[in-house]
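FYI, the numbering for the sequence shown is 89 to 1017, going by this note's numbering.
Quick reminder that beta carbons are idealized off the backbone N, C-alpha and C, glycines included.
Since the model is a prediction, treat every value here as computed from it, not as a measurement.
Okay, structure first, notes after.
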Amino acid sequence: MGFKKKQMLGFGLILLFLAILLSFMMFTLNNLKSSMTEIVENRYDKVQASMEIRQLFSRSDREILFAANDANKEERAESLEIINENHSLIESKIAGLSGSLNKAKAKQLLKEFETQYASYSITEAEIIQKIKSGNSSDNLSSLMDDQREKRTKVISTMDEFKDYQEGVMKDTLSNSKQTYEDMIGFVIFAVILSILVISVTVVWMIRSTSKDLQSITKVIKNIDFKNLSVIPRIPVRTTDEIGDIAKSFNDMAESLETYNQKEKDFTEKISEQNWIQTRVADIATMYQRIVDVEVLADRFITRLAPMMGASIGAFYVKRGEGVDMRFVKLASFAGDGEDSGRREFRLGEGLIGQCALEKKSKVIEDIPEDFQLVTTGLGEVNPKSIVIAPVVFEDEVVAMVELASLEAFTKLQKTFLNQVLDTLGITINNVEGRMEIERLLKESQAQTEELQAQSEELQSQSEEMQAQSEELQTQAEELRMINEQLEERNRETEEKSKELQVAKLNLEKQAEELKLSSKYKSEFMANMSHELRTPLNSILILSEMLSDPNDSKLNEEQQEFARVINSSGQDLLTLINDILDLSKVEVGKLEVVFDEMNLSELPELLHRNFDHVAKKKNIDFIIEKSKNVPDIFFTDEQRFQQILKNLLSNAFKFTEKGSVSVQIKKADEENVAQWIQTKGATNWVEIKVTDTGIGISKEKQKLIFEAFQQGDGATMRKYGGTGLGLSICREFAKLLGGWVIVDSEEGQGSTFTFFIPSMPEGFKNVDEAIAASPEVAAANHDDSAAPFEPDVVIMDEEDRDKAKPFCNKTVLVVDDDHRNIFALKNALKHEGMEILTAENGFECLELLEKGNDIDVILMDIMMPGMDGYETMTRIREQSKFEDLPIIALTAKAMKGDREKCLKAGASDYVSKPLKLDQLLSVLRVWLTN
89 MGFKKKQMLG FGLILLFLAI LLSFMMFTLN NLKSSMTEIV ENRYDKVQAS MEIRQLFSRS
149 DREILFAAND ANKEERAESL EIINENHSLI ESKIAGLSGS LNKAKAKQLL KEFETQYASY
209 SITEAEIIQK IKSGNSSDNL SSLMDDQREK RTKVISTMDE FKDYQEGVMK DTLSNSKQTY
269 EDMIGFVIFA VILSILVISV TVVWMIRSTS KDLQSITKVI KNIDFKNLSV IPRIPVRTTD
329 EIGDIAKSFN DMAESLETYN QKEKDFTEKI SEQNWIQTRV ADIATMYQRI VDVEVLADRF
389 ITRLAPMMGA SIGAFYVKRG EGVDMRFVKL ASFAGDGEDS GRREFRLGEG LIGQCALEKK
449 SKVIEDIPED FQLVTTGLGE VNPKSIVIAP VVFEDEVVAM VELASLEAFT KLQKTFLNQV
509 LDTLGITINN VEGRMEIERL LKESQAQTEE LQAQSEELQS QSEEMQAQSE ELQTQAEELR
569 MINEQLEERN RETEEKSKEL QVAKLNLEKQ AEELKLSSKY KSEFMANMSH ELRTPLNSIL
629 ILSEMLSDPN DSKLNEEQQE FARVINSSGQ DLLTLINDIL DLSKVEVGKL EVVFDEMNLS
689 ELPELLHRNF DHVAKKKNID FIIEKSKNVP DIFFTDEQRF QQILKNLLSN AFKFTEKGSV
749 SVQIKKADEE NVAQWIQTKG ATNWVEIKVT DTGIGISKEK QKLIFEAFQQ GDGATMRKYG
809 GTGLGLSICR EFAKLLGGWV IVDSEEGQGS TFTFFIPSMP EGFKNVDEAI AASPEVAAAN
869 HDDSAAPFEP DVVIMDEEDR DKAKPFCNKT VLVVDDDHRN IFALKNALKH EGMEILTAEN
929 GFECLELLEK GNDIDVILMD IMMPGMDGYE TMTRIREQSK FEDLPIIALT AKAMKGDREK
989 CLKAGASDYV SKPLKLDQLL SVLRVWLTN
């Protein structure tokens, strides 16, 4: 289930339970209201009406008695008028009650009352008629008795009706009380059940998300960056954003494995080529100052056999021409007492003669059992492989080489032999030419001496001397011709040198290809940074919003879960940044900017950053700075501070009690020279970070400076961390021209010493940087441009309430990633802003053309169709949008991206994953301006 679906399901369940609870409460309240309405407006009215009827009836009865006994004529007329009025009122109220009754018994009692009252009314009318006729009370006695009897029945029936209505009213009131108690009980039960279900739902959502993130982090920490041939994969269990991260990581792992294999293959080829060229150059150097073919043959076979891994060998040189041509053995390697191999052979004799005839090499793997043995001090063994190769010069075989080995000759050795023999023919020809010249020179010297002797003896024989002079001139001409031949051979040698130069250029081309491959690797790492940072952006923003105690509606435990998610995302982001830093150092893409910094402010900076850590762990934090340390220092302040923060973070992490101290002093250049070259650098500073922590054993002190390494597995489990901090410290120190060393004993604490020079002019060139730190590639530019930190407008609470820069402001979010849109939409809406969204540049331009009143635009850079650069350019082409603030957002922080964004029309630049406070600060600056 997706991360978004989990949230919607969880909040949906919460709303469902709340709706059910509210519906039941409304239903119960309506019933209670109906009961109270019946009591107050119905039953009470009926009781009241019955009591009023009785009062009217009683008054009429009194008036009749008064009129019949005591009243005078005027009073009697008044009483009769009152009786008539009461009779009318009683009939109207009876009619009202008759229309409102809904109970059968009530209707029956009212019917009896009406019947009895009608009978009473007849008697009453007779009494009134007789009173009007002037009859005395004695004459009315019988009627009055009948009237009293009927009056008693009427009153009795009316009381019974009233009592019945009061009983019904009491029953209704009792039912209302029971309904109210039932409602209270259900509400309590429903609230407890809702809290339980909501808590279980939220815990399920947070635990499932945290578990997936922890599995991703665990796999990334288990990567062996020394061996990228096999990279662990993240199991894809979901299809949500976390599943997308796992898929992206797995694709990256597969690409890295492919690239690593290609890099190994290319490195192996380069190594083989270097192995061949080194040995070819070694043998070519050996050729110098050799003027005898036998010496050449002996040195050549003695040098070649070990390089080829041969156990025995022989070297043959051609002698004679035509039918007298034969190949004579001049040298051998590791022969027995009678020497190894044949002394001589002709073309076509045996395998070696056939190879000479065909001018082809031959390798023999299947050696017969009775073949000549390789002799050692302990006995004799049969060779496993034999190679026979001709030495050709100008399409003519001038020598033969035969080698035998106890192991099969490799393809690399065969290639090496062919290249060596290509130049050996020229060398043999040159040596033979020099030997011929030497022979002729000796003959010339002998002849000159003979002529001198003859000149002394035969001075008188001038004609003979003239003939001898002509003969000498002829010899001189021959010498001239020989010299021309030597010059021709020298030209051939120069051509071979040119061929070697071409080979060198090929090697340089391959080196350029390797450099280009490194560039592709850097670009790949930057793209993967974008793919990993994009989903992290929404995770960090949403978890930060959920963990805010002032804005979140979650309880403390749920806020803690959100903080765990945010912390895990931050750890993953830190790990990605550290890996990218190491990668940039490897390929020489991390730029260092040497500028002036004030060392006198360093102690205060360190106290400000680490005093709270020391106070929390209850350990001492001491900083000492020598007076001879210069206040003004030239280095890259950002990398310098990062090195010290890493060293101090490690010191505090591994120290449980005691102290952590920092000593800043001027370094002795002779002491620094023990660790690094000091040429070209002056004014060295030595910074020691000493702790009383767990210490490091001697055998682990080199290991800790390697990437992803700590002292041992137990240290990593107890103290955590990725093992990148010290590796980054040493690499950054190299780039600054310095070095980091460690002196520690296990259980006694550690001292890390950071040597750094002041470099007012920086490294003048790449060679100087390499000379200072030979293990670090030259850094020419930086691909990881730091995200722009705007000046934050600081306001007190009263000013902030007055300003409210976000209220009623409209922001247009342009991004193709729905997760980022969702996160930004919720975060900015919480600040009171109106949100418009567009998924690409075309939709953004359409919204602007519709005339929407937009105050600011948040523009993603990498989008399909029309990217952020082109979109910003088109917006700025319209004069009405020249002053509209546009803030560029991107997760690919390459060198020059910020300048490129500003050039395209952006007002500001923020890199992903976004920090909500940073984004709000940037928005506040542009909205208030």
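With a cut-off of 8 Å on the beta carbons, I'd call residue i and residue j a contact; round off their distance for me.
i, j, result
"I182", "E212", "That belief does not hold up - the Cβ atoms of I182 and E212 are roughly 15 Å apart, past 8 Å."
"S282", "F99", "Incorrect: roughly 13 Å between the Cβ atoms, too far for contact."
"L445", "G436", "5 Å"
"S747", "D708", "4 Å"
"M46", "G920", "Not covered by the structure: residue 46. The range shown for the chain is 89 to 1017."
"W927", "K897", "Before going on, a small fix: residue 927 reads as Glu here, not Trp. Not confirmed; about 22 Å, so no contact."
"C817", "N940", "The Cβ separation is near 51 Å, so there is no contact."
"D955", "D903", "Contact doesn't hold; Cβ gap of about 12 Å is too wide."
"L168", "S186", "So it is not a contact: roughly 27 Å between Cβ atoms."
Per DSSP, what kind of secondary structure is residue i in: helix, strand or coil?
i, result
"G929", "helix"
"D1084", "Because residue 1084 is not part of the residues shown, which for the chain are 89 to 1017, the question remains open."
"A860", "The predicted model places A860 with a pLDDT of 40, which falls under 50 and marks its position as unreliable; any figure quoted below should be read in that light. Helix, per DSSP."
"L106", "helix"
"I330", "helix"
"A599", "helix"
"K745", "coil"
"A398", "coil"
"D68", "In the structure as shown, the chain starts at 89 and stops at 1017, and residue 68 therefore has no counterpart that could be examined."
"A419", "strand"
"V1013", "helix"
"N315", "coil"
"V717", "coil"
"M883", "Note on M883: pLDDT 41, under 50, position unreliable in the model; no value is reported."
"A865", "Only weak support is given to the placement of A865: the predicted model assigns it a pLDDT of 29, under 50, and the question is left unresolved by the model."
"N771", "strand"
"K704", "helix"
"R407", "strand"
"G825", "coil"
"S785", "coil"
"G939", "coil"
"F99", "helix"
"D871", "Because D871 carries a pLDDT of 35, less than 50, the predicted location of this residue cannot be relied on, and no value is offered for it."
"W763", "coil"
"I378", "coil"
"R367", "helix"
"E140", "helix"
"N643", "coil"
List the residues that DSSP assigns as beta-bridge partners of residue i.
i, result
"T839", "T778, D831"
"T898", "E922"
"Q751", "E712, K776"
"I283", "Note: I283 sits in no beta bridge, so no partner."
"M954", "Answer is none; M954 lacks a bridge partner."
"Y997", "A976"
"P848", "None, per the DSSP bridge assignment."
"D683", "T723"
"E490", "A402, I476"
"M947", "V902, A976"
"E758", "Looking at the DSSP assignment, E758 forms no beta bridge with any residue, so it has no partner."
"F433", "F415"
Under 9 Å between C-beta atoms, does residue i make it to chain C?
i, result
"T723", "The structure shown contains no chain C, having only a single protein chain."
* For the segment 401-411 against the segment 482-493, are there 3 or more C-beta pairs whose distance is under 8 Å? -> The segment 401-411 makes contact with the segment 482-493, as at least three CB pairs between them are under 8 Å.
* Between the segment 110-118 and the segment 225-245, do three or more beta carbon pairs fall short of 8 Å? -> As far as the Cβ criterion goes, the segment 110-118 does not touch the segment 225-245, which means the pair count is below three.
* Could you give the uninterrupted runs of the beta strand (DSSP E) lying entirely in the segment 494-559, keeping only those of 3 residues or more? -> Inside the segment 494-559, DSSP marks no whole beta strand (DSSP E) run of 3 or more residues.
* To do: Count the CB pairs spanning the segment 963-978 and the segment 989-1007 that are closer than 8 Å, and state whether there are at least three.
  => At 8 Å Cβ cutoff, the stretches touch.
* Counting Cβ pairs, one atom from each stretch, are 3 or more of them under 8 Å apart for the segment 523-541 and the segment 492-499? -> Not touching, per the Cβ criterion.
* Three or more C-beta pairs closer than 8 Å, one from the segment 820-831 and one from the segment 724-732: is that the case here? -> Result yes; three or more Cβ-Cβ pairs closer than 8 Å.
* Asked: At a cut of 8 Å, does the segment 685-703 reach the segment 324-340 through at least three beta carbon pairs?
  -> Here the segment 685-703 does not lie against the segment 324-340, with fewer than 3 beta-carbon pairs under 8 Å apart.
* Quick one: any contact between the segment 712-723 and the segment 756-769, if contact means 3 or more CB pairs under 8 Å? -> These segments do not touch.
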